[in-house]
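Let me begin by presenting the structure, written as structure tokens, before commenting on it.
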Amino acid sequence: MRKALIVVKLGGSALTDKTAIYTPRRAAIGRAAKQIADLRRRFSFVVVHGAGSYGHIPVKRWHLTSGFKHAGQLRGLAATKSKLLEWELILDEAFLKHHVPLIPLLASDYVVTKNGRIHTTDLRPITNWLRLGCVPSSGGDIVTDLRNGFAILSGDQLAAYLAIKLKASRLIFGTDVDGVFDSNPKLNPRARLLSDLTVTSAARFASRARGSTAPDVTGGMAGKIREAVAVAARGIPVYFVNLTKNERLKAAALDRQVLCSKIIPA
């Protein structure tokens, strides 16, 4: 019997300190790896991870957000890609400690964007590794773009795209907060958690939501919600859970009661 597929987006805000350059949060990484390890008997997984401080800070430093403008950017482009590879290795080692056969795949090797949105892909590397029982892993990346030379591909956009194309049973966004709030909980202690959202209410909320407090070149929480709406509109439930808390990722995967936000499919 084929296992149900779950796409998990491990947020860079939870796995790194996005205000401090190149700073992993190893406890959170290990916590996520252990939960996925515990669930592998029941589910197959595709892991998508954010770039966190390994991507957002150098991208802004080297002025890469608007695509190719001049040859002077290329050194910064290469330096940023090198740091993204370093970040991938940190994740790989953490998952291997929990006996998860994580297979790193660079998004830039199988994704081409057009004006920043995914245009063409070759998903055979992902499906082939899944068939063998491995856990394919990709992250936010700098990819070639048909209009702009290159573009920043967010892990959020990639996770949503893969959830739809691979017909996932659910998409889980792991962040550093308990879910989607009516205002930024890091700035407003009275912010209210929105536990259950419809596709319509989530889309309305995303249109007026503001981003995070840390440097983020890929859209922040509002960007996550916009990507999630497209997934839920295809009939796939989407969860937002706190990766810094024990067992919440596992509870969402098993559809158990847990403090989180859920976008109910159309």
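Residues in the sequence shown are numbered consecutively from 925, following our numbering.
Cβ atoms here follow ideal geometry from the backbone N, Cα and C, with glycine treated the same way.
Because the structure is a prediction, the values reported are computed rather than measured.
Just list the beta strand (DSSP E) runs in the region 1137-1176, keeping only unbroken ones of 3 residues or longer that don't cross its boundaries, in chain order. 1162-1166
Does K1186 come out as helix, strand or coil in the three-state DSSP assignment? strand
Rounded to whole angstroms, how far is the Cβ of S968 from the Cβ of K933, which I believe are closer than 8 Å? About 16 Å separates the two Cβ atoms, so there is no contact after all.
Identify which residue in I1027, V1036 and Y978 has its Cα closest to the Cα of W1011. Y978
Counting only runs of 4+ residues fully inside the region 1066-1114, write out the alpha helix (DSSP H) ranges in chain order. 1079-1089
Pop quiz: A1075 and T1037 are said to be a contact at Cβ under 8 Å. What is the actual Cβ separation, rounded to whole angstroms? The pair is a contact, with the Cβ atoms about 5 Å apart (cut-off 8 Å).
Does the count of Cβ pairs from the region 977-991 and the region 940-959 closer than 8 Å reach three? yes
Closest Cα partner of G1103 within the set K1091, Q1081, L1008 and K1148: K1148
Same chain only: Cβ atoms within 7 Å of D1065, ignoring 5 sequence neighbours per side: L1008, L1030, A1031, S1032 and L1077
Spatially closest choice to L1047 from K1089, L998, L1013 and L1026, by CA coordinates: K1089
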